[in-house]
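Have a look at the structure below, then the notes.
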Amino acid sequence: METLLELDGWIVVWLNQAIGHSAVLDGAGYLAVSDYFVPLAMCFWMLALWFFGPGSHARGRNQRAVLAAAIALGFANLAVLLLDQAVFRARPFTQYDLATLFYEPTDSSFPANPAAVAFAMATAVWLGNRRAAIPLFCLAGVWCLARVYSGLFYPSDILAGGLIGAGVAWLVTLGMRRIEPVPTWVLNGARFLHLA
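According to the working numbering, the residues represented by the sequence shown are 947 to 1142, in order.
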């Protein structure tokens, strides 16, 4: 276990050494690490999936995936919140001399909430439409890498958050299939109100 924690720290320190050497890389890192750029890009992609598609069948499939993603996002956040109360892990920037591109949060780094949220969204969409999930997985990967690069999380925090998000998305998607026709009623209601 101690070796894994040392490897975790070594990876963060190694990645973080690049900060301050390239204005372009720092600018991209600053954009990718923020609380806004990647989450908004993911939300806009999901809005596009909700409203557009090559036909009504494909659009309906996408809407089910987006509905599952929204529910999974909420449950992934709840899981991380509960784990944060039970397990505290100090952030890398408090343990090592690191340059940061972001404000310094004081909550637990384990598990990584951005990873849980991003991978919950991406996995839920993937379970409904694999091709449509590719941009979401790419954005999730960029966001998580930027968070490690900036010294906010350890790689194991990201891995745990990603597994929580993916697991929750799978459970939500399975649950939606089990409680059918409720998801269909929700989608039909949204269509009746011209929200889908």
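All residues carry an ideal CB built from backbone N, CA and C; glycine is no exception.
The DSSP assignment places 969-979, 983-997, 1002-1032, 1038-1041 as complete runs of the alpha helix (DSSP H) inside the segment 959-1042, in order along the chain (cut-off: 4 residues). G973 counts as exposed, since fewer than 16 other C-beta atoms from the protein chains shown sit within 10 angstroms of its C-beta. Judged by their CB atoms, I1104 and V1094 are nearer to each other than the 9 Å cut-off.
For P1081, the enclosing alpha helix (DSSP H) covers residues 1076-1095. DSSP places F1048 outside both helix and strand once states are collapsed to three, so it counts as coil. Annotation for S1102: the continuous alpha helix (DSSP H) segment containing it runs 1101-1124. Taken through DSSP and simplified to helix, strand or coil, D954 comes out as helix. Nearest neighbour of F1048 by Cα position, chosen from T949, V979, W996, turns out to be V979.
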